[in-house]
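All residue numbers in the first sequence are consecutive under the working numbering, ending with 416.
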Amino acid sequence: MAKIQTPQPVRGTQDIFGEDQERFQQVVETFERIRRLYGFKGVQMPVFEPTAVFARSLGETTDVVSKEMYSFEDRGGDSLTLRPEFTAGICRAFLSNGWQQHMPMKLSTHGPLFRYERPQKGRYRQFHQLDAEIIGASEPAADVELLCFADQLLKELGIDDGVTLQLNTLGDAESRDAWRSALVEHFSDHQAELSDDSKTRLAKNPLRILDSKAPNDRPIVDAAPTIDSYLTAEASEFFAQVTEGLNSCNVAWTRDSSLVRGFDYYRHTAFEFVTDRLGAQGTVLGGGRFDGLMEALGGPHIPAVGWAAGIERLGMLLDAPEMIGPNAIFVPLGEGCEAAAMKLMGELRRSGLSCEMAYKGNMKKRMQKANAAGAAHVVIIGENELANGVVAVKNLTSGDQREIVFDGLVEALAK
RNA sequence: GCGAUUGUAGCUCAGUUGGUUAGAGCGCCGGUUUGUGGUACCGGAGGUCGGGGGUUCAAGACCCCUCAAUCGCCCCA
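Right, dumping it as structure tokens:
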């Protein structure tokens with residue numbers, strides 16, 4: 002018989018278990034706790050959408066749309082796409098359900114996203130993000146609240162040390178268009194000296210040349226006009242209010258006038274929380290204002306701000322999580338003892354104490370299991386104990402062992 | 001999509017200029033201890049050397065192809 006080959010996981014996917022799972026969980030739980038403090042409602046969307054939802058909103062020329070989407074035809078011949086980001090899907094849901102009535106609307110979600118990219122550290126084909134959006138608010142206070150949320154999240158995860166908030170404004174549509182034209186003009190004048198990548202960017206997305214890592218591009222980039230010269234009075238005032246708000250909330254930030262974001266829908270505020278501890282994947286949380294997105298999806302003009310953060314990336318920055326074992330491991334030995342143990346375990350669990358049963362092997366084997374599981378106590382119940390209505394409770398830290406009557410077990414283990 | 005490095009036991013890795021039966025540590029199983037863990041000692045199982053093809057008397061090692069991982073570019077969380 003031919004040997005069956007073991008299947009391999011799909012490239013860029015991961016099975017998250019053990020310590021990685023603890024890290025993942027800690028990130029999500031912290032996020033869920035803090036988003037409630039800020040009054041964000043949870044929302045769940047489908048993981049796939051009609052392809053047009055992403056193609057229209059992100060910008061047809063962006064890499065995500067042109068080469069990184071997982072798109073496929075379903076049996077009815079419709080083109081569907083696994084979501085590569087949250088924002089477009091949230092906006093679609095907003096329009097589909099007529100959520101205008103709830104504006105301004107603070108929404109948060111988290112879950113898997115899919116991009117067909119070359120895997121690297123902190124970059125996967127199926128990856129996971131946290132996401133927070135405020136829809137229907139054109140006030141800078143919304144930007145400030147969102148950034149405070151992000152800042153508090155990173156602080157409570159204990160990873161704010163070494164992570165900096167870089168902030169920029171892309172201006173309103175008028176400012177952005179004027180700046181863009183000026184940039185195109187500037188870079189066209191120096192086209193011959195630009196790197197090949199930047200020549201391509203000049204045609205596709207000239208703002209991104211500002212991000213170029215090619216050393217030869219640096220002098221040209223440094224000499225490029227900055228947004229500040231093209232900001233309208235309104236856009237300038239908006240940015241000033243955002244930065245003042247951050248200052249009064251004690252959120253540390255640095256201005257990065259070359260910071261632009263990948264997708265076409267960004268306006269005004271753009272920001273990234275960046276670390277140098279993850280190699281080339283330095284952005285740990287990023288977002289901005291996307292006042293034009295709803296219209297791109299055929300809806301009315303509805304301003305919005307939002308950010309997303311990579312769960313895996315945040316998890317990698319966390320201190321090693323403590324593995325906490327159960328309060329007790331039960332070791333039943335002999336006739337009728339398993340049933341008695343089950344009953345006691347039920348009482349413990351209803352009292353909020355965690356416990357498991359070691360039901361295999363000799364005493365030594367079971368003690369080893371309890372120790373390896375990191376249990377605080379072992380509860381031994383043999384035929385002698387059962388007959389006397391007691392259990393032997395051994396504290397695995399101190400090594401002390403004593404007998405406890407059934408009714409006193411919850412109290413004995415609770416401390 | 002491009003470039004570089006790597007792939008040997010469940011895990012982390014040795015393996016000399018190609019040469020007998022491929023090793024170690026940890027983990028796992030068993031024993032010293034038939035109802036008592038952590039430490040120690042003894043024993044055991046476990047590998048078609050990522051996969052396929054080639055060179056050679058002989059390949060874990062050399063060559064080609066392929067798959068995967070890691071790092072960088074692109075882009076992005």
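Beta carbons are placed, not taken as given, at the ideal position from N, Cα and C, and that holds for glycine.
Computed from a predicted model, the values in this text were never measured in an experiment.
Paired residues, beta bridge with residue i - DSSP
| i | result |
| --- | --- |
| F274 | L166, L286 |
| R124 | Q121 |
| C356 | A329 |
| V391 | V406 |
| V380 | F331, V394 |
| E74 | S80 |
| S109 | G43, A133 |
| F115 | Q127 |
| V306 | I135, R290 |
Other residues of its chain near residue i: CB distance less than 8 Å, five sequence neighbours each side excluded
| i | result |
| --- | --- |
| P10 | D16 |
| T63 | N206, G263, F264, D265 |
| V28 | L131, L158, I312, L315, G316, L319 |
| D277 | G163, G283 |
| M104 | I136, G137, A138, I303 |
Beta-carbon proximity of residue i to residue j, cut-off 8 Å
| i | j | result |
| --- | --- | --- |
| L247 | G172 | no |
| R84 | E118 | no |
| G288 | G307 | yes |
| V411 | S355 | no |
| F274 | A133 | no |
| E404 | G335 | no |
| Q101 | G13 | no |
Cβ neighbours of residue i in the same chain (closer than 6 Å, five flanking residues each side left out)
| i | result |
| --- | --- |
| R177 | L171 |
| H191 | I221 |
| E357 | P327, I330 |
| E339 | P333 |
Contacting residues, own chain, Cβ-Cβ under 7 Å from residue i (five flanking each side not counted)
| i | result |
| --- | --- |
| V243 | P141, D144, V145, T270 |
| A3 | Caution applies to A3, whose pLDDT of 41 falls short of 50 and renders its modelled position unreliable; the value that the coordinates give is listed next. For A3, where only same-chain residues beyond five positions count, there are no Cβ hits under 7 Å. |
| H378 | N328, A329, V394, K395, N396, L397, L414 |
| H187 | A225, P226 |
| Q45 | T110 |
| Q153 | I35 |
| A253 | L166 |
| S86 | For the record, residue 86 in the displayed sequence is Glu; it is not Ser. So the qualifying residues of the chain are L114, A309. |
Cβ distance (whole Å) where residue i is taken to contact residue j below 8 Å
| i | j | result |
| --- | --- | --- |
| A297 | R57 | 5 Å |
| S237 | A215 | The Cβ separation is near 31 Å, so there is no contact. |
| R93 | V54 | 5 Å |
| L108 | F41 | 6 Å |
| S258 | N169 | 6 Å |
| S97 | T52 | Going by Cβ atoms, the distance from S97 to T52 rounds to 16 Å, so no, they are not a contact pair. |
| S230 | D218 | Rounded, the Cβ-Cβ distance is 21 Å, inconsistent with contact. |
Count Cβ pairs between the region 362-369 and the region 310-328 that sit closer than 8 Å; are there 3 or more? no
The region 69-76 touching the region 17-36, judged by at least three CB pairs closer than 8 Å: no
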